[in-house]
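Asker: Residue numbering for the sequence shown follows full-length UniProt numbering, starting at 1 and increasing by one per position.
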Amino acid sequence: MGKSTNPAVPKWKETKSISKVLQTVGIKTKRKVAYQTGQYAVVPATFWNLKDEALFLTATFQHYPETNEMKLDISFDINDDCIPQLRMKKCANPEDPAKVDIADVFFVSAIIVEDCEQDHELFTWKVLDPIGLEEFTKCETEKQEWAVPKYVLGFHQDLDLWKNLYTVRLEAKLGSWVVHCHCYINVIMAAVDANIGGGEYRTIDRTKPFKLNGTTSRDFSKPPNVEQFKAYNWKCISWDDYSNRECRKTFPETDDDPERADIAGQVITVSNEQKLDVEIICVSNCENELYNADEKVYLRAYCANCGGGRIGYEWTVGEMVALEQKELRMKIGTNSLVRIELLVRASDGRTGVEIKFLTRNDGPSQGRCTVAPTVGDEYATPFIVCCTGWVDRNIPIDYFYYANNVLIQSCYDCSCESHLPPISKIKVLICDSFFACTERSLDVTVRPAENIPTEPSEIYKFLTTEPHDVKNLFRLGKHEEGLAILSAVAGRVYTNDAAIEVMRMFEDFKSGTVLTLGLLANMTMALAINLSPIDDEEAQVLAAAVREVNENFETITKHDMAYYLAESAFHPTTRKCISTYNMISRLAKDLPRPPKSIYNKFMKGPLSQSLVEELRKEINSIDDEKVKMRSLVWLETNWETERLYEFLDYARKNEMQGDSSLGVVVSEGVSLEEQCAIFPPGKDYEIATSDSMHRVTFEAALLDELKKTSSNIMCLKVISVTRELNWWYPEERQPSSTLLTVRVYQGVDDFKQEVELKRSTISFTTIVGKYKPAMAEEQQMWQKGKISTDMKTMMSLTDDFHKLQLDESLVHKFPDKLLQAQPRHLAHEHDEDELVSDVGKFSNCLESGTLHFLQDVHVFRITLEASSMLAVRFENASHKLRVFLHPKNFPMRSAIQKSQCFVPAGSTNKTILMRNKCAKPYKIYLAIRAWSNEKLLDDQGVHTLLADGPVSYAFVFQLRSCDYWMYSLKEDDQKWSPNMCLPSMKYSLTDGLHCTCTIMSTYTSYVYYVPAIPVPIAAFSQAVTNPSVVTFYIVVMVFLLLWLIVLRIFCNKPGIEVVYCELNTKEKSTGDVHDVLVYIRTGGRESADTSANVYLSFLTKHHTELQFTVYQDPHHPVFRMNSTHCLWLRTRDIRIPTKIAVSHSNHGMRPSWYLRRIEVRDLQTQEVQVFEVRSWFLFEVVIMDWVCGTPVG
């Protein structure tokens, strides 16, 4: 090649398709290849010099003369002494060196095949040239692992064609021995990318100078923060302005390595208009104009001359406007090529456009993978996966092996052993240097191990005995094999003591790789699942397991390898770590808190190891051992939780979720089933959503009710949405993250609001996750900014889906299925329904009690919501129990005695159901007593002890509800309502939660537990007289009686004020003088009194008017509420019967008043005249005529 004097000897391979090989390696030919069968060779060399325009191939044949056979006996002594041996895990074959990307961290490790029981003192790593003459760098470690940082392996060699080959030598000091092994690597130098600021096409203003910027050009073999190039070579050519002197220049250029170069061009258009210099900057998943369809493309807009003011951005992907912000993050799913256009608008009207083309990177192709052997035993059999023949232009190619969604091994050749759990398939990802991957699946049979003990003492003996001596495996560097054994044991551990024995094996664990991180997280989750429910001691074990995860994480972060976990091949590991964080975070919240001073220091102080050590010392000084133990567990658990949270920062930035393999948990997504067809009348139909979350059943009556025409062609649309809820959403409603929308229509779907069904129903079944406490749905603690699916936009979701064509032949997609009622069966001990609970709720809501006497009755109460169902699940019953559920009111003694509902003795899963069909909530009472025909209370009031000991029981209240979304309300008032949907009376949730609705809308359903409220009762005990209480009540009643008598005598009526007046002295008549008493009575109503002056006018026997005025002090009125004022008049002219006119002066505080009646009594004639008024007096004069007059006698 060029002036090289060292020719390369290529390795020839035969192929039957030369064209396909050329296309794979990226070679484009001017004309079609005339032949297809032949041989080809891929030469490991790079054309760094632009002057190298030819490759010379010389074929030679060397004639070998005849040779004579010669035999030579060689003798040597064999030393029987033990000699330590080392072996590289990978890259030990010099004929097939490992391809290493210089821009990635290179991790190399070795296995001590034989240490002869010598101590491991020191490991020295050296990077040498291919023949081991020149040393470039070296490093000393305490373990047989070394993470070579990025960009370190770019050393300069004078070996021309082999200058990218290196030898990594490990020298280990084992006691008095010094042994070594070698790793052979081929460093892949990254590309050089020339870039001119402003993009490939640029428009400039002819009146202003412009700048050409090439500083964004990159040599990807160097760190981004160092000088990329010493100088740049510029050349300008003008197409339509040949006389332009400036453009005819060739700018000078010098470079630190003239053999490495790249060319970038920019077409500049000179315009009279001012334009923006816009550029699309690649952030991730867009390098070399390639993108991985499984990851998000991340682009950023850059404007060189936008200045201040408001700037508008508009991204167009293909033909669709995707986003209007500075950064573009989205998944692209086109077949091959995608066009991305960026339009930038400034506030002054200037615009700029930049276009970028990205090509889909489909990953390696053409190869095959095999596994040997195909049958083996759990953790004991070393399986070797071999992938060959895979080609891709983006080398190196790596292979990743998965078992049960756990990354168990990564390799680049066929030399890596994998120790598997009991599985039937191995998933293999073949990934290029940009982590564009191709997936393959290999069949394998792994038999479960049968010799794993479960007792703590036996577990320790098992783990310290060959061939499963885990400590020795860790010491020799066989970490993956040791973790495979521990994971197998952890999956069979159910006690705290056994888990402690498992964690004792990590005393000599010294590894920090991405591979072991996933295995550790998987083992931790296995322990958390099997130890649930978790107490303080078990929490201490889990905190220790998470500590091992954090130590591994810390090593990965220290070596700058955490970025690997954001790549698709390592997503299973990341999800395991997130699930581990969610588990330990929930546990940390449930643990009892330490003393307030320790709690405040931890929560308010800066979290660091020094603070934890200080708090640990303070806790150890506490005298109370229980408080000390509880505080230490809380401190360790919360500290490890916070550490893991910080390590998962990259996961939050990439919006990653936890592992869904631990339960029925799916990520946010939409599933659509839509079909227009002829539905024959008189049949029942069932459809299941493609995400396996729902089954919808309906009758032909539903179609008949929703028909708008006589045609039998109907369209059915079923949408299943799984959304991620915000942290503030009620925990008991978490299952409503799964939504179901059903639409039935003819022609066009014009759904605007829910449709009430009069003659039909819609039934649906939602699969409810079956979780153990450590397997609850993942919390979104770190994704506070994540957008969840909004119910207000549910109707618009369906517009983005392609509508299927009308086809009568597709009726079979809705098979005829007659829905018959299934007979109920007794629940067995291991019903999967018992796993349906959230973390901590099952243990916190479990209510237990003990009955000592036959007459003992325990009563509990809850509130059953509208249109919901209650399931009372008895987890334990030592004796046969009589149980009575009663709504609304407290149960009567006779009703409890007559109840025939019972819980069998020894039952662990008896369920009693009650459904509330009403539109309002009700109180539900549960009464429990021992099964007996004895009365709750005998005649003598004697309690009878149970013959066979006290009765113990435990139960939990489980509520189930089905809701629909009320689209008919105003947009801000829309909400869930349960009134038109009912859960079915089926107790088992193994097949899901069944609901029936009389409305067509969007549905959800949920199951949750509520705590029981004990109701203290003594209604069924013998009544006993308490003398103190009786005496107290008698004294109180006597006192109240005397007080009432006093009030009746002295305070019942206000006093009567009498005004005496001699009228006879002013009268001119000569008749007899009579004493006339005039009683003026006011009403008892509020504000019936008056403070004004009152005028009374009497009609005399001579038909003249005699006026009498009652003057009042406004602050001390005479006419008060419910009062009587008496006038004693001595007169000759007033006789019964008479007439009276009443008026007032309209003065004072209350001018209006209520007059009840006036009585006029003549003492001489013993006659009485009564004027019944009963009205309000305002301003007018009221004249009252004679009402009645009767003699008193």
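Here a beta-carbon is modelled for each residue, glycine too, at the ideal position from N, C-alpha and C.
1. Spell out the partners DSSP gives V744 in its beta bridges.
2. Measuring CB to CB, does I426 end up less than 9 Å from S418?
3. Between Y184 and L165, is the Cβ-Cβ spacing less than 9 Å?
4. According to DSSP, is C91 helix, strand or coil?
5. Starting from H468, follow its DSSP beta bridges and name the residues at the other end.
6. Kindly indicate which three-state DSSP category A776 falls into: helix, strand or coil?
7. Rounded to whole angstroms, what's the CA-CA distance from Y745 to L716? Just pull it up for me.
8. When the distance is taken between beta carbons, is L174 closer than 9 Å to C116?
9. What number of angstroms, rounded off, separates the C-alpha of K786 from the C-alpha of E289?
10. Helix, strand or coil for L810 per DSSP?
11. Flag this pair as yes or no: are the beta carbons of A499 and E538 separated by less than 9 Å?
12. Among V428, F764, I408 and D1113, which residue has its Cα nearest to the Cα of T516?
13. Taking the C-alpha atoms as reference points, what is the distance between T574 and G518?
14. Which residue's Cα is closest to the Cα of S868: W965, H858 and S977?
15. Using a 10 Å radius around the Cβ and a threshold of 16 neighbouring Cβ atoms, would you call W1153 buried or exposed?
16. Using the beta-carbon count (16 or more within 10 Å), is E847 buried or exposed?
17. Run through the DSSP bridge pairs and tell me what T388 is partnered with.
18. Can you tell me which of the three DSSP states I185 falls into?
19. Hey, is the segment 964–979 in contact with the segment 920–933, meaning 3+ C-beta pairs nearer than 8 Å?
20. Express the C-alpha separation of S878 and residue 1202 in angstroms, rounding to a whole number.
21. If you pair each beta-carbon of the segment 389–402 with each one of the segment 458–466, do three or more pairs fall below 8 Å?
22. Three or more C-beta pairs under 8 Å: does that hold for the segment 129–148 against the segment 453–460?
23. For M503, which of T513, A528 and Q675 has the nearest alpha-carbon?
24. Enumerated in chain order, which unbroken segments of the beta strand (DSSP E) with a length of 3 residues or greater are wholly contained in the segment 870–932?
25. Given that a residue counts as buried once 16 or more other Cβ atoms are within 10 Å of its Cβ, and exposed if not, what is Y201?
26. If you draw a straight line from the C-alpha of Q274 to the C-alpha of D348, how long is it?
27. Taking all protein chains shown into account, do 16 or more other C-beta atoms lie within 10 angstroms of the C-beta of R759, making it buried, or fewer, making it exposed?
28. Return the residue from the list V168, R1174 and E69 that minimises the CA-CA distance to R1085.
29. Go ahead and pull the three-state DSSP assignment for G1071.
30. Excluding the 5 residues flanking residue 1195 on each side, which residues of the same chain have their C-beta closer than 7 Å to its C-beta?
31. Measuring only the C-alpha atoms, how far is I534 from S763?
32. For L72, does the count of other Cβ atoms within 10 angstroms reach 16, so buried, or fall short, so exposed?
33. With DSSP collapsed to three states, give me the class of C845.
34. Decide if K910 is buried, meaning its Cβ has at least 16 other Cβ atoms within 10 Å, or exposed.
35. Could you give the distance in angstroms between the alpha-carbon of W634 and the alpha-carbon of I1013?
36. Give the DSSP bridge partners of F227, in chain order.
Answerer: So, from the listed chains and residues:
1. L716
2. yes
3. yes
4. coil
5. Partner(s): none; H468 has no beta bridge.
6. Bear in mind that the predicted position of A776 carries a pLDDT of just 35, short of 50, making it too unreliable to give a figure here.
7. 7 Å
8. yes
9. Note that K786 scores 29 on pLDDT, short of 50, meaning its location in the model is unreliable; the coordinates nonetheless yield the value given after this. Each residue's alpha carbon lies about 29 Å from the other.
10. The pLDDT assigned to L810 is 30, lower than 50, so where the model puts this residue is not dependable; a value taken from the coordinates is nonetheless given after this. Here L810 sits in helix by DSSP.
11. yes
12. I408
13. 7 Å
14. S977
15. buried
16. buried
17. R368
18. strand
19. no
20. Lying before the first or after the last residue shown, residue 1202 is absent from the chain, which here runs from 1 to 1193.
21. no
22. no
23. A528
24. 881–887, 910–916 and 922–930
25. exposed
26. 10 Å
27. exposed
28. R1174
29. coil
30. The shown model of the chain, from 1 to 1193, leaves out residue 1195, and the question about it has no answer.
31. 38 Å
32. exposed
33. helix
34. buried
35. 29 Å
36. A small fix is needed here, since residue 227 is Glu in this sequence, not Phe. Answer by DSSP bridge pairing: none, since E227 is not bridged.
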